[in-house]
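What follows is a short report on a single structure.
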Amino acid sequence: MADAAMPDTRTQILSFDDLDGWAADDHAAAFDVFNQTCPDLTAPDWRAVCAYATSNPEPRAFFELFFRPVLIEDDSDMLFTGYFEPELRGALTPDARYRYPVYAMPPEALEVEQWFSRQQLLDDDLLAGRGLEIAYVDDPVELFFLQIQGSGRITLPDGDKIRVGYGGANGHPYRSVGKELVRRGVYEAHQVSADVIRSWVRRNPVEGEALLYHNPSYVFFREVSEVPAHLGPLGAMNRSVTPMRTIAVDPAFTPLGAPVWIEKDGEDPLRRLMIAQDTGSAIKGAQRADIFFGTGDDAGRAAGRLRDPGRMVVLLPIQRAYALLPEDTP
Numbered sequence: 002m003a004d005a006a007m008p009d010t011r012t013q014i015l016s017f018d019d020l021d022g023w024a025a026d027d028h029a030a031a032f033d034v035f036n037q038t039c040p041d042l043t044a045p046d047w048r049a050v051c052a053y054a055t056s057n058p059e060p061r062a063f064f065e066l067f068f069r070p071v072l073i074e075d076d077s078d079m080l081f082t083g084y085f086e087p088e089l090r091g092a093l094t095p096d097a098r099y100r101y102p103v104y105a106m107p108p109e110a111l112e113v114e115q116w117f118s119r120q121q122l123l124d125d126d127l128l129a130g131r132g133l134e135i136a137y138v139d140d141p142v143e144l145f146f147l148q149i150q151g152s153g154r155i156t157l158p159d160g161d162k163i164r165v166g167y168g169g170a171n172g173h174p175y176r177s178v179g180k181e182l183v184r185r186g187v188y189e190a191h192q193v194s195a196d197v198i199r200s201w202v203r204r205n206p207v208e209g210e211a212l213l214y215h216n217p218s219y220v221f222f223r224e225v226s227e228v229p230a231h232l233g234p235l236g237a238m239n240r241s242v243t244p245m246r247t248i249a250v251d252p253a254f255t256p257l258g259a260p261v262w263i264e265k266d267g268e269d270p271l272r273r274l275m276i277a278q279d280t281g282s283a284i285k286g287a288q289r290a291d292i293f294f295g296t297g298d299d300a301g302r303a304a305g306r307l308r309d310p311g312r313m314v315v316l317l318p319i320q321r322a323y324a325l326l327p328e329d330t331p
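All letters in the sequence shown, in the order written, are residues 2 to 331 by my numbering.
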C-alpha cells in the first residue's frame, strides 16, 4: 500500500477502545497466525515489528503497543463473503468419468495482460494435448467453483490426494454468475448461493454452460501437494492460510500480512482479529474481505451463506498509520 491514502479514500485513525469486542478476542490465536507470515514482510517498519514479535511478547499488549487501528473507506459499502478449499473427485489420467482437465498455466499466457476468454479456451479446445493437464475431475461445475476459490484438493480413485493452488489466470475480469441469475430474474439476490447455482446449472445443462461462460475469467493451477494435509492451502503470500483467522483483501488498500480487525454483522455477528494473507479476483475495495472457512463441504456451505455488512479496520505500524492521514489533518 502507498505511503499516502489513495485519492478516493477516507482514512481515520481509531483507538483500540473503538473496536467493538476487542478485549474479548483470542489475541494469542491471531498472534500465532500473524507470526506465520510476518517474516515475509520486508519494509523497515514491518521488519522492526516482526523482530520484536520473536521475543514472545504478551499478544494483546504487542498489538496495542506497535500498531494503530486505521479505518480506510471508499465509496463502496463493506461486504464480507466467505471462501473455502473445495474437495473434488479426480484422476491423473482421463476416462469416461474423469474427463474435465485441471490445467497448469500456459507459458504464452504469462506474456500478455489478457489472453483468451473462458468460452474461447473451452469451445476451441485451445489447451488440450499440450501436457498442461495436472489432473482430470468428474464435474465441470465443481471445477468452475474450484477456479473461483483458487485452490483445492483432488481425491484420486485409490484414496490419495493431490493439492492444487492458484497458478495464474487469463487476465479477464471476474463476473459473478450469481448476479447474472438475479439480473435474468431467475432468483432474488437473497436466494443465490453456490449450492443454488450448482443445482440450477445441473438442471439446465445447455443454459448452464452459457451461464458459466458469463464469467470470462479462467484460472490455472499448480500442484502444491508438498503442503501437509493438516495445514490450509497456500494463500497469496505462499504460506498456508488458517480457518477463521485468514482473510483475503484488496492489497491496493490493505497490505498483505497486516492484522485486520473485522466487525461482521448479520445473522451470526463476528468480532475477531484476522490476518490479511490472501487476495481474490472478486475482492476489490477498501471495505471488502473474504473470510477463509476451511476445507470440505461443511466449510463450503458456511462460506457460501456469508454475505454480510460491517466494517474492517487495518492495524498498521504506528508511523505508517499516521503517514496515511491527509497533510491538513490537525
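Ideal Cβ placement from N, Cα and C applies to all residues, glycine included.
Across the set Gly160, Leu257 and Pro174, the C-alpha of Gly160 shows the shortest separation from the C-alpha of Ala92.
Nearest in C-alpha terms to Ser226, of all of Ile292, Val178 and Ser241, is Ser241. The C-alpha of Ile198 lies about 30 Å from the C-alpha of His231.
Taking a cut-off of 8 Å for Cβ pairs, the stretch 289-297 and the stretch 244-251 touch, as three or more such pairs fall below it. The shortest CA-to-CA distance from Arg272 to any of Gly311, Leu307, Asn239 and Ala303 is the one to Gly311. Boundaries for Thr94: no beta strand (DSSP E) harbours it, and the DSSP string shows neither H nor E there. Taking 8 Å as the cut-off, the Cβ atoms of Ala300 and Phe81 do not count as close. Check the Cα spacing between Pro252 and each of Pro234, Arg289, Met275 and Glu224: the tightest is with Arg289. In this structure Phe222 is not in contact with Val113, their Cβ atoms being roughly 19 Å apart against a cut-off of 8 Å. In terms of Cα proximity to Val34, the closest of Ala259, Ala129, Arg100 and Pro217 is Ala259.
Contiguous beta strand (DSSP E) elements confined to the stretch 32-105 occur at 68-74, 80-86, 88-92 and 101-104, taking only those with 3 or more residues.
Contact between Val250 and Ala170 does not hold, since their C-beta atoms are separated by about 18 Å, which reaches or exceeds 8 Å.
For Ile284, the three-state secondary structure derived from DSSP is coil. Rounded to whole angstroms, Gly186 and Trp201 show a C-alpha spacing of 13 Å. For Trp262, the enclosing beta strand (DSSP E) stretches over residues Pro260 to Lys265. By the 16-neighbour rule on beta-carbons within 10 angstroms, Gln320 is exposed.
Per DSSP, the beta bridge partners of Leu274 are Trp262.
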